[in-house]
Amino acid sequence: MNISLILNDNKVNIDFNPLRPLLEMLREGFALRSLKEGCGRGECGTCTVLLDGKPVTACMVASGQVEGRSVMTLEGLEGNESFRRIQRAFMETGAVQCGFCTPGFLIAAYALLRDNPSPGREDIRRAVSGNLCRCTGYTKIIDAVERAGEILR
Ligand code: FES
Ligand code: FES
3 MNISLILNDN KVNIDFNPLR PLLEMLREGF ALRSLKEGCG RGECGTCTVL
53 LDGKPVTACM VASGQVEGRS VMTLEGLEGN ESFRRIQRAF METGAVQCGF
103 CTPGFLIAAY ALLRDNPSPG REDIRRAVSG NLCRCTGYTK IIDAVERAGE
153 ILR
């Protein structure tokens with residue numbers, strides 16, 4: 003099936019099986035490697051992207067479902083100043099260890115701070131509750147999002 007979408011602010015088309023996961027279409031079809039396959043069943047958040055501005059796990063979205071819609075990955079946000087500041091806050095706070103989970107957390111944090119510039123720690127916890135990290139113990143990630151919020155305000 004020919005699938006048309008807005009990917010990282012560019013109109014694109016691809017011939018891809020509409021039943022295969024969006025995660026595979028983005029990695030294989032568009033060589034976007036920031037999103038990772040962790041669990042493959044919606045539980046770890048390593049494949050998080052923005053679909054029409056909302057964070058979703060790309061392993062749980064069928065490629066055909068994004069026809070005519072907007073998908074944003076970390077690659078598309080790299081020129082965004084707010085996103086870069088969030089990235090920097092993660093680095094400076096020690097919220098990145100192996101880094102496997104980091105793109106997913108960054109996307110979730112970006113969506114949160116875009117919609118709520120002054121989140122409490124509970125809001126942050128809720129916003130990243132779909133993202134798993136096996137290294138950091140989460141406290142530094144919550145600290146990083148809190149710090150990013152302060153920097154962006
Ligand atoms: S790989 Fe998609 S949520 Fe784990
Ligand atoms: S930094 Fe290693 S899984 Fe989160």
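Counted from 1, the sequence shown has number 65 at position 63 by my numbering; the numbering is strictly sequential. Backbone N, C-alpha and C define an ideal beta-carbon position, used for all residues, glycine too.
### Message
For Asp11, report the span of its beta strand (DSSP E) as first-last.
### Response
Along the sequence shown, one-based indexing puts residue 11 at 9. No beta strand (DSSP E) contains Asp11, which DSSP labels as neither H nor E.
### Cα-Cα separation between Arg1 and Ala91, rounded to whole angstroms
Not covered by the structure: residue 1. The range shown for the chain is 3 to 155.
### Task
Please confirm if the stretch 122-135 is in contact with the stretch 63-81, defined as three or more CB-CB distances below 8 Å between the two stretches.
no
### Task
For my contact list, Cys135 and Ile143 are in at a C-beta cut-off of 8 Å; report their separation, rounded to the angstrom.
On the sequence shown, position 133 is the one that residue 135 refers to. On the sequence shown, position 141 is the one that residue 143 refers to. That pair is a contact at about 6 Å.
### Task
May I ask whether a heavy atom of ligand 2 can be found less than 6 Å away from the beta carbon of Gln99?
Numbered from its first residue, the sequence shown carries residue 99 at position 97. Answer for Gln99: yes, Cβ within range of ligand 2.
### Any non-hydrogen atom of ligand 2 within 6 Å of Arg149 CB
For this step, residue 149 is matched to residue 147 along the sequence shown. It does not: the Cβ of Arg149 is nowhere closer than 6 Å to a heavy atom of ligand 2.
### Host beta strand (DSSP E) of Met74 (start-end)
Indexing the sequence shown from 1 puts residue 74 at position 72. Segment Ser72 to Met74, the beta strand (DSSP E) holding Met74.
### Message
Applying the 10 Å Cβ sphere with the 16-neighbour rule, what's the burial state of Pro119?
### Response
Stepping through the sequence shown from its first residue, residue 119 is reached at position 117. Counting of Cβ neighbours within 10 angstroms places Pro119 among the exposed residues, the total staying below 16.
#### Entry: Same chain, Cβ closer than 8 Å to Gly66, five either side skipped, listed in chain order
Locating residue 66 in the sequence shown gives position 64, counting from the first residue. Excluding residues within five positions, the ones whose Cβ falls inside 8 Å are Met3, Ile5, Pro20 and Leu21.
### Task
May I ask which residues mark the beginning and end of the beta strand (DSSP E) holding Val58?
Counting from one through the sequence shown, the residue named residue 58 turns up at place 56. Residue range Lys56 to Thr59 is occupied by the beta strand (DSSP E) that includes Val58.
### Query
With a CB to CB cut of under 7 Å and the five nearest residues on each side skipped, what residues in its chain are close to Thr95?
As a first step, residue 95 is located in the sequence shown; it is residue number 93 there, counting from the start. If we look at Thr95 and ignore the five residues flanking it on each side, its Cβ neighbours are Lys142, Asp145, Ala146 and Arg149.
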